[in-house]
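Protein sequences, first through last, are from chains X and C. For the first sequence, position 58 matches number 317 in my numbering, and the numbering has no gaps at all. For the second sequence, position 180 matches number 184 in my numbering, and the numbering has no gaps at all. The beta carbon of each residue, even a glycine, is placed where N, CA and C say it ideally should be. All figures in this text were calculated on a predicted structure; none of them were measured in a lab.
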Amino acid sequence: MSRNYWVWRRLYRDLQVSELRVLVLAVAIAVTAVTSVGFFTDRVGRAMTLRSAEVMAADVVLRSRSLIPADYVTKAKILGLDVAEVREFPSVIVVGEDMTLLVSVKAAGSAYPLRGALMIADQPEGESYSPGSGPVAGTAWGDARLWAQSQLARGATITLGHLDLTLTQVIKREPDRGQFLFDLAAPRLLIGLQDLGATGLVTEASRVRYRLLLAGSAQALDTYRRWFTRQQAEGLTEGIEIEGVGDERPALQSALDRAASYLGLASLSAVIIAGAAIALAAQLYARRQTDVAAVMRALGASQATLLQEFLLGLMLMACVGTLIGLVFGYLGQGGLGYLAGRALAVELPSPSVRPVLAGLISGLLMTLGFGLAPIVALRKVSVMRLIRRESSALTTSSVSLTLMAIAATTGLVFWQARDGVLAMWVLAVMIVLILGLVGGGWLFFAGLRKIRFGPSATRYVLSSLGRRSGIATLQLCAFGAGIMALLLLMVIRVDLLDSWSTSISPQAPNHFAINIQPLQRAAFESALETANLASQGLFPMVRGRWEKHNGMRVDHAAFSSPRAQRLASREFNLSVAEALPEGNTITRGSWFSPAKGRAGQWSVEEGLAETLGIVLGDVLTFRIAGEEVSGAVTSLRRVVWDSFQVNFFVIASPGLLVDRPTTYIGSFALPPARGAVLAGLIRQFPGVTVFDVGMLLEQVQEIIDQVSLVVQYVFVFTLLAGITVLIAAVQVGAHDRLTEMAILRALGAGRRRLEWGLLLEFLILGSIAGLLAALFSVLAGHILAREVFDLPFEPGIAVWLVGIGGGALGIGLVGLVASRSVLRNPPLTRLQWIQS
Amino acid sequence: MDPIVVANKLTRQVNAPDGVLRILDNVDFSVIPGEAVAVTGASGSGKSTLLGLLAGFDVPTRGSVHLLGQDLGTLSEDAKAALRAGNVGFVFQSFHLLPSLTALENVVLALELAGVVQAEERAREILDEVGLAHRLRHFPRQLSGGEQQRVALARAFAVSPQILFADEPTGNLEQESGRQVADMLFNLRRDTGTALVLVTHDETLATRCDRVCRMSNGWVAPS
Ligand SMILES: Nc1ncnc2c1ncn2[C@@H]1O[C@H](COP(=O)(O)OP(=O)(O)O)[C@@H](O)[C@H]1O
Ligand SMILES: [Mg+2]
């Protein structure tokens, strides 16, 4: 029989000991939380990217007003990317003898669309299906509106420029539809790119928009974009803009980021609370194993043997817990995936292995971090305890325990949260919580020891609690952490999520209008007013390139992140404002004041400033219509991107952009039923371009809804972890207390009196823990709301009521039930059991 | 003959709430191979403390202990443990069997820690000698106190130790099983020639030893 054989045997039997079961349970819960959230964010993240890609029919799109040179296609093909060219322009078709119809023509290469699906049907009412390729030469497809307005039948001939085409299919769904107004206003006619030349419509004067669609591996796309940025830096990309998923959609990006924060927070709190349970369980386990260790030591086992044996045991339990957690995590994410898939109306990509790895590592790391210290201490056991009962129990160094736990938590938090700010705050809150609990507990118990009044049973309980303040403080911490988990759930779930879901008002604008000329400004504003469309008004906009940073020429390639490169090289939309725009808040410096003089000043959005390394006081120079304009950064602003209001990265002080070529931009909310208003607007202002962001708005709302759901689900783990901690905490000290109770009982104390004593003890612990937990939940809520989520936070009174009342009652009951069997059994059984 | 354990001017003191408490004061003590020595004295007189120091469980404040020819003061904790393995046996007042191992496994574990091959065979043999052949697969909690102490005896004697330390081995047992355990202890000792240090306050038990040392207040009265 090998030595390990014994370990297995003992463990198998020790598993019947509840501390180990609590340990396994705690590990399993933490791992389930980490993996299911990991699986889920991974899948949803990828689904979101796919979904956004669908809206562009590609992963990356190049746009231009003129023909995109062949180099750009060649480069993409060399990198192995899929390529499709698309050209769009408004035109007129002639139907029959005299009928003409304004259409939006799209000529697409055969690979179109690269992402998302084009759906067509043979008849307007027919079943839709996905075509193998685009329209063949000589044929054209039209959307339902074109079929309706032209009243044509299948096979009819239409004339586009010099070319006669046969109308064959109905377009039921076009993934990248709806980017420009003329798109929406006019019916769609789709032809093959090969037929475009024959129409004779593409001339110097025609308003054709060129798009090059690209799709492929993330790596190839990244290489392509870097190449593009270099081209841009050399000034070779004249008029070509590049767009990737989420690039131009800070609203979507910010919703996704925030969603990730919520999920991260949810799984983190589960992990940390489960960590507390692991720490407690390991402590208890080590205490139970102290005699075993001492016996083995007496029999001649070396410290290394003991360490190896108990460590193997601990890790074995960790593995069991981790495996259970992985299985449940996988099942859990399946459920989440189902919920989310329905909410998003997309097929989620299947889970990848990354989260499995994450679960595995976090399970083992947590067990080591929270459970190692007491186990390691076991090897130092004194054999004397076998002959002198009272010789002190093993004391785990609480310093090393705390340090290890903090190290493990820090590692996990930073690794899992992906969001440094969130991670930092979560850690800070947790550390403050623990210090607060220990400190509060210490003060309280010190006070208890001084109590000299009340009926004898009560006094006995109070002073005994006071004397056992070490264990009682540990219990208090655990109860506090458990209750805090539940309260945080309440705070985050109810208060923070609610305020997030309502951050997009139904009045949120779903259309943007750009290119409004200064002379049209008044007319456009009054047109909006006449049409009774809610709008924030029009904002001036001047386009400029960022030339110099503190007098140094900006080198795009010098930025390490692709996002920074992109932002720096792109044309900026600069605005001018007298007053701080609504919904913006100053985070550094102060808003323009006439007192500072009218010298040029900029106000920069804080996220952009961080990405580009801009700080307060920097001098930025933009090139606007060939001339340089400089000013100092006097404030940084925070902008709520997902409010869908018009917002600017950079705003100039009044006077700085006077006489620069200015257009106006505005946003307005258009109820879906009033599409006709839009057609009217566009007829009245042909030069104005209107974007429909309704789809985007919906996407963001969907993310919010779905994440709310998921966050609640994930917090169930926190809840479970909290309950596990409570169980572990009741077990801590149960041994001592129950022994005491059994002795009292043997001495003839009535059962009722003992029950009252126990209940009182747990009531006191529960309400103190509840009070402290409520305090820290509210504090945590405030901090998280302000620093992480940018949301207002007004905690209700419920947190306090539930914290204190629930803490006292819940823990009182749990404790009483858990210790009841002792009170019912005759004292001898208990005492005998203690002896053995 | 060289003594198997020698204590020289052994002093052990601890810091108590009201000053330093001297539990053992300049104790000299020795046992020669095969000899059985009883240590008696009132409760609190320092018997267990002496036993712990002799066995290397504890470290004296002053003085030295030589066990099996080795100065314990020069050995590390691990070296002391290694010295014990296979050479020193123990029997405790509260048995101290490993609760998650069966009777057989408890004995086998001690043999394996002592590096004995064919441990199981030997374990069965010795458990048979203490009359527990039919209880091999029972866990400690399924055994009576007397039976548990018999398993502990089997565990201690399985490795044929040169010396056995016993601290009130019958202290937790009622008379009849106490007598049984004591008989087995002395029989096994006789068969194996093991030296014995027996701490007890039971005078009849003490008289079964070759020599009796009386302790009071940290002093050992010479016998
Ligand atoms: N580590 C210690 N701390 C405080 N007092 C101790 C310690 N070890 C022993 N004592 C005290 O020393 C005295 C002798 O203890 P012990 O050797 O167990 O006596 P015995 O076994 O003879 O009953 C007792 O009063 C005991 O309380
Ligand atoms: Mg004693």
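Amino acids of chain C, ordered along the chain, whose beta-carbon sits closer than 8 Å to that of V281 (chain X): Residues of chain C whose Cβ lies closer than 8 Å to the Cβ of V281 (chain X) do not exist; the shortest such Cβ separation is about 17 Å.
heavy atom of ligand 2 below 6 Å from S34 (chain C) C-beta: Because no heavy atom of ligand 2 lies under 6 Å away, the Cβ of S34 (chain C) does not count as near it: no.
Residues sharing a beta bridge with E207 (chain C), DSSP: Partner(s): none; E207 (chain C) has no beta bridge.
Burial state of N906 (chain X), where buried means 16 or more other Cβ atoms lie within 10 Å: By the neighbour-count rule (16 or more Cβ atoms within 10 Å), N906 (chain X) is buried.
Given 8 Å, three or more beta-carbon pairs between the region 930 to 944 of chain X and the region 780 to 798 of chain X: Touching, yes.
Short CB-CB distance (under 7 Å) between S104 (chain C) and chain X: Taking Cβ atoms only, chain X reaches closer than 7 Å to S104 (chain C), which makes this a yes.
CB-CB length for T668 (chain X) against G534 (chain X), believed under 8 Å: Cβ atoms of T668 (chain X) and G534 (chain X) come within 8 Å of each other, at about 6 Å.
Heavy atom of ligand 2 within 6 Å of S52 (chain C) beta-carbon: Between ligand 2 and S52 (chain C), a heavy atom-to-CB distance of less than 6 Å is present.
Contact residues within the region 146 to 174 of chain C, judged by C-beta distance below 7 Å to chain X: Within the region 146 to 174 of chain C, the residues whose Cβ lies closer than 7 Å to some Cβ of chain X are D171, listed in chain order.
DSSP three-state assignment for H770 (chain X), whether helix, strand or coil: It is a strand residue.
8 Å contact criterion, which F161 (chain C) and G50 (chain C) should meet: CB distance rounded: Cβ-Cβ separation between F161 (chain C) and G50 (chain C): approximately 27 Å, too far for a contact (criterion under 8 Å).
Contact with chain X by F190 (chain C), beta-carbon distance below 7 Å: No, no contact with chain X.
Residue from X:L573, X:V554, X:Y589 whose Cα sits closest to the Cα of A632 (chain X): Ranked by Cα distance from A632 (chain X), the options X:L573, X:V554, X:Y589 are led by X:L573.
Proximity test, S220 (chain C) beta-carbon vs ligand 1 heavy atom, cut-off 6 Å: It does not: the Cβ of S220 (chain C) is nowhere closer than 6 Å to a heavy atom of ligand 1.
Simplified DSSP state of P309 (chain X), which is helix, strand or coil: Pro is not the amino acid found at residue 309 (chain X); the sequence shown has Leu there. Helix.
In DSSP terms, what G73 (chain C) is bridged to: Paired residue(s): none; G73 (chain C) is not in a bridge.
Chain C within 7 Å of G1025 (chain X), Cβ atoms only: No, no contact with chain C.
Test: A636 (chain X) CB closer than 7 Å to a CB of chain C: Taking CB atoms only, A636 (chain X) has no neighbour in chain C less than 7 Å away.
Residues that K365 (chain X) bridges to, as DSSP identifies them: Under DSSP, the beta-bridge partners assigned to K365 (chain X) are X:E347, X:L449.
Residue-level contact to chain X via CB, G56 (chain C), 7 Å cutoff: With 7 Å as the cut-off, G56 (chain C) counts as an interface residue toward chain X.
Reduced DSSP secondary structure (H/G/I, E/B, other) of M5 (chain C): Reduced to three states, the DSSP call for M5 (chain C) is coil.
Residues near L25 (chain C) by beta carbon distance below 8 Å, same chain, minus five either side: Answer for L25 (chain C): Q17, V18, N19, listed in chain order.
A1184 (chain X) versus L472 (chain X) - alpha carbon distance: No statement about residue 1184 (chain X) is possible, as the shown extent of chain X runs from 260 to 1095 and does not include it.
CB contact below 7 Å: Q478 (chain X) versus chain C: Not one beta carbon of chain C lies nearer than 7 Å to the beta carbon of Q478 (chain X).
Residues within the region 517 to 547 of chain X neighbouring chain C, beta-carbon criterion of under 7 Å: Answer in chain order: no residues at all.
Alpha helix (DSSP H) runs wholly inside the region 42 to 113 of chain C, at least 4 long, in chain order: If we require 4 residues or more, the alpha helix (DSSP H) runs fully inside the region 42 to 113 of chain C come out as 51 to 59, 81 to 88.
Backbone CA spacing between L558 (chain X) and A731 (chain X) [nearest angstrom]: Cα to Cα, L558 (chain X) sits roughly 35 Å from A731 (chain X).
Start-end ranges of the alpha helix (DSSP H) lying completely within the region 316 to 347 of chain X, minimum 4 residues: Counting only runs of 4 or more, we get 329 to 337.
Among X:Q776, X:L833, X:G866, X:D381, the one whose alpha carbon lies nearest that of T844 (chain X): The option with the nearest alpha carbon to T844 (chain X) is X:G866.
K84 (chain C) classed as buried or exposed, judged by whether at least 16 other C-beta atoms fall within 10 angstroms: Buried, because 16 or more other Cβ atoms sit within 10 Å of the Cβ of K84 (chain C).
Straight-line gap, R546 (chain X) to Q478 (chain X) (C-alpha atoms, nearest Å): Going from the Cα of R546 (chain X) to the Cα of Q478 (chain X) covers about 53 Å.
Cutoff 7 Å: R88 (chain C) Cβ touching any chain X Cβ: Yes, because at least one Cβ of chain X sits closer than 7 Å to the Cβ of R88 (chain C).
Residue burial classification, D330 (chain X) (beta-carbon count within 10 angstroms, cutoff 16): With fewer than 16 Cβ atoms within 10 Å of its Cβ, D330 (chain X) is classed as exposed.
Beta-carbon proximity check, Q97 (chain C) vs D171 (chain C), cutoff 7 Å: It is a contact, given that the beta carbons lie within the stated cut-off.
Per-residue burial, D423 (chain X) [other beta carbons within 10 Å of its own, 16 or more giving buried]: Exposed, by the Cβ-count rule.
Beta carbon proximity, D75 (chain C) to chain X, threshold 7 Å: For D75 (chain C), the answer is no, since every Cβ of chain X falls outside 7 Å of its Cβ.
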